[in-house]
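Following: one structure in structure tokens, then a few remarks.
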Amino acid sequence: MSDATNEFEGLESLDGRAVVGRRIVWHESTESTNDDARQASDVGEPEGLVVIADLQTKGRGRMSRTWTSIMGRDILFSVLLRPSSADLPKMPLVAGLAVARTLDAFTETPVTLKWPNDVRAADRKISGSLVESGSSDAGYYAILGTGVNVNLDAAAHPEISEIATSLRTLNGADVSRREVMRRLLSEMDQIYTSKEHMATLVSDWSARLETIGQEIDVRWGDDILHGIAEGVDDTGRLLLRDRDGEVHRLEAGEVTTVLSDPS
Ligand code: BTN
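Mapping the sequence shown onto numbering that gives the first Met the number 0, position 216 (from 1) lands on 215, and the numbers just tick up by one.
Following this line, the structure appears as structure tokens:
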């Protein structure tokens with residue numbers, strides 16, 4: 000029998016009025032919290048459900064990648080929301096901004112965003128979100144699945160040490176996952192449920208975007224587009240100005256910064 004304890008127990012009762020975290024389900028291990036939230040959505044779960052796991056055996060990232068994690072070190076969770084059709088495309092921004100604001104409270108290192116869903120600190124990725132959305136009889140739904148590196152020892156994993164970081168790596172000491180989660184739920188709830196916060200979401204998010212004004216490549220599948228990142232539009236699409244001055248609005252892709260020629 001497992002002796003794992005649920006570090007997140009009781010978090011839903013901390014703010015009885017909140018939408019996000021209205022019900023919290025914790026799994027010691029599951030395939031993917033996004034799948035769990037989706038299954039709950041399919042049987043009519045109201046918005047606000049949060050599914051957290053200590054381990055995922057089939058964690059998914061963007062662009063068909065896997066999201067791997069070590070038991071009990073980090074935060075892996077998915078939130079079921081039922082936004083309006085107008086707000087649906089903004090859900091990745093809600094996730095990213097909530098994570099960035101949360102991390103501000105736990106590290107002195109500046110926290111930035113990389114389009115479309117990465118949260119970064121010290122030039123490395125600390126969090127990513129996979130937002131899966133659609134519609135059903137109950138209307139639109141969005142599953143905001145997020146992984147946050149909290150106590151990952153990035154240096155102990157050479158395959159990711161150059162590209163990933165964690166709060167522990169930044170601060171040199173373990174951080175309470177419960178406290179990070181408590182703050183995350185409250186930040187996400189504040190943004191999602193407030194007209195004022197939703198109205199300034201794109202500008203608040205863009206203010207942290209690290210590639211603004213830079214020359215970048217955006218890849219998706221076998222395609223690649225080169226240009227200057229000008230910002231995001233009001234639905235979170237990246238505005239990329241190419242050499243001919245044409246502005247492209249991109250919904251998905253992988254951004255790499257073009258290194259300037261030193262010659
Ligand atoms: C990315 O950066 O590619 C997105 C990673 C998203 C990972 C999270 S962990 C919780 C949720 N469940 C999943 O299977 N994926 C997301």
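Just so you know, even glycine gets a beta-carbon here, dropped at the ideal spot from N, CA and C.
- Short note on TRP219: C-beta not closer than 7 Å to any heavy atom of ligand 1.
- In this structure GLN55 is buried. Its beta-carbon is surrounded by 16 or more other beta-carbon atoms within 10 angstroms.
- Ranked by Cα distance from ASP122, the first of LEU112, MET187, HIS26, GLU131 is LEU112.
- Taking C-beta atoms under 8 Å as the contact rule, LEU143 and SER160 fail to qualify, at a distance of about 27 Å.
- Secondary structure at HIS156: coil, using DSSP grouped into helix, strand and coil.
- The three-state reading of DSSP puts LEU151 in coil, since its state is none of H, G, I, E or B.
- If you check the CB distance, GLY20 and VAL49 come in under 8 Å.
- For TRP219, the beta-bridge partners assigned by DSSP are ASP222.
- Taking 8 Å as the cut-off, the Cβ atoms of PHE105 and VAL174 count as close.
- SER165 has its CB no nearer than 7 Å to any heavy atom of ligand 1.
- Rounded to the nearest angstrom, the gap between the Cα atoms of LYS194 and SER84 is 15 Å.
- About 4 Å separates the beta carbon of SER132 from that of ALA141, a gap short enough to meet the 8 Å contact definition.
- In summary, LEU237 is buried, with 16 or more beta-carbon neighbours lying within 10 Å of its beta-carbon over all protein chains present.
- Within 10 angstroms of the beta-carbon of GLU44 lie 16 or more other beta-carbons, which makes it buried.
- Around the Cβ of ASP73, a 10 Å sphere holds 16 or more other Cβ atoms; the residue is buried.
- Taking a 10 Å sphere around the C-beta of VAL147, we find 16 or more other C-beta atoms and assign the residue as buried.
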